[in-house]
Amino acid sequence: MKKLLALITILSISSFAFAQDKLVKDIDFDGKNDTVYIDQKALQIICRLSSQNFKKLRSKEIEMSSDNTYVKATRNGFELRNNWMRAGYACQFRYEKVEKRIRLIGITEYAFGNAANDGSGEASANLLTGDYIGNWHYFDHLANKEKGELVKIPTIKTKMKFKKIYFEEFSEESYFDYQTQLDGVVEQHKTAEKKKRGKNKQHDK
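For the sequence shown, my numbering begins at 8 and goes up steadily by one.
What follows is the structure, encoded as structure tokens:
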């Protein structure tokens, strides 16, 4: 667990080190560079595509934008990253050639949880396929002779239905709506693991 948290911390620091105030990259696959950046006054992501005469495409407001909120290049597009003290997320975007629009295609998140790492873990969702993979933990206060123990919930793999979200429709609520949608799934698996461990404890007595 300590290795996982250390790795996440290193990756977060590395990502921040290579982040740019203005990302210059061919987003729309026409061989010409486009630009993506965060307008700190309007609190919006701005994207200027060569195929659209570099007009400003704007997301909705990113209200919690801060120094730890930035855009970063990905293999097929770009992502918005938002890192807080003990948690963070990234939203991946890709230009859809047929629709000629930028679409939200994936979300990843991580959390360190509280001081006991209760609620720590990481997850990813592919909004194109509906695939969700989550690795989460909870702290069992009664385990280990009531000294407590961090318990890993078996890897969650499930299919979800995600609505299409295009760049101009994207805001922080897009992420929080997704998070709310997944809370119930994670809680179900957490409850199932607690029941399983409870039965095993009774069997061992």
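The C-beta atom is built at its ideal place from N, Cα and C for all residues, glycine as well.
query	result
How big is the Cα-Cα spacing for F119 and D125?	8 Å
Run the CB neighbour count on A130, radius 10 Å, all protein chains shown included, and call it buried at 16 or more, exposed below.	buried
Going along the chain, which residues of its own chain have a beta-carbon closer than 6 Å to the beta-carbon of L185, five neighbours each way excluded?	The residue asked about is misnamed: residue 185 is Tyr in this sequence, not Leu. So the qualifying residues of the chain are I114.
Grab me the residues of E116's own chain with a C-beta within less than 6 Å of its C-beta, minus the 5 sequence neighbours each way, in chain order.	Y96, A130
In three-state terms, what does DSSP make of Q51?	strand
Counting Cβ pairs closer than 8 Å, one from the segment 74 to 83 and one from the segment 143 to 162, do we hit at least three?	no
Based on DSSP bridge pairs, tell me the residues matched to N90.	G95
So, helix, strand or coil for A13, using DSSP?	Note that A13 has pLDDT 42, beneath the 50 cutoff, so the model's placement of it is unreliable and the number below is only indicative. Correct three-state label for A13: helix.
Could you check where the alpha helix (DSSP H) with K152 kicks off and where it finishes?	150 to 153
Quick one: measure Cβ to Cβ for D28 and I34, integer angstroms, because I've assumed they're closer than 8 Å.	That pair is no contact at about 17 Å.
Following a CB-centred definition, is G84 positioned closer than 7 Å to any heavy atom of the ligand NAP?	This structure simply doesn't include the ligand NAP, nor any ligand for that matter.
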